[in-house]
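A quick write-up on the structure given underneath.
This is the structure we're talking about:
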């Protein structure tokens, strides 16, 4: 084997190994995007689960008689005190939640100074992932969901 042939073999090995490394990095980035998407969807589901549970409590006839609309802050406070840990077994992820309820106007603006200008409640839920084992989080950003609750009255329900 001549030096030229050996040089060509070395260049081919470098070319193929570089191509393999680039392909592996591209596959890892694609897998990271898929994992981030699935964790984001799961976090959104956790946030909507809390808001739906508040909806369910508000429409329960026994709670409606007790002034259910005014109890929104209490519902959210229950979740704030004990958190809302959810575990997705397949990925080994644990989601934490933070919820707040503040008085607002019909557009969700909380800056009005007069209480009469803020007859509604704005409930905001933020969910983020705490990775198992203290590693890096697979979810890039926390999820924030909000819902405005307005006063209502159910007749003959």
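Residue numbers (the numbering used here): 217 to 373.
No residue lacks a Cβ here, since even glycine has one placed at the ideal position from N, Cα and C.
Since this is a predicted model, take the numbers as computed values, not measurements.
Terminal residues of the continuous beta strand (DSSP E) containing residue i?
{"i": "residue 316", "result": "309-320"}
{"i": "residue 197", "result": "Because the chain in this structure spans residues 217 to 373, residue 197 falls outside the shown range and cannot be described."}
Can you round the beta-carbon distance between residue i and residue j to whole angstroms, since I take them to be within the 8 Å contact cut?
{"i": "residue 292", "j": "residue 339", "result": "6 Å"}
{"i": "residue 367", "j": "residue 335", "result": "6 Å"}
{"i": "residue 337", "j": "residue 317", "result": "5 Å"}
{"i": "residue 310", "j": "residue 346", "result": "5 Å"}
Which two residues bound the contiguous alpha helix (DSSP H) that contains residue i?
{"i": "residue 272", "result": "219-275"}
Given residue i, which residues of its chain have a CB within under 7 Å of its CB, disregarding the five upstream and five downstream residues?
{"i": "residue 256", "result": "355, 359"}
{"i": "residue 236", "result": "none"}
{"i": "residue 267", "result": "339, 341, 361, 363"}
{"i": "residue 225", "result": "none"}
{"i": "residue 270", "result": "288, 291, 339"}
Using C-beta distances below 6 Å, list every residue in its chain close to residue i, excluding the 5 sequence neighbours before and after it, in chain order.
{"i": "residue 328", "result": "321, 334"}
{"i": "residue 330", "result": "none"}
By Cβ distance, which residues of its chain are closer than 8 Å to residue i, with the 5 residues on each side in sequence left out?
{"i": "residue 228", "result": "none"}
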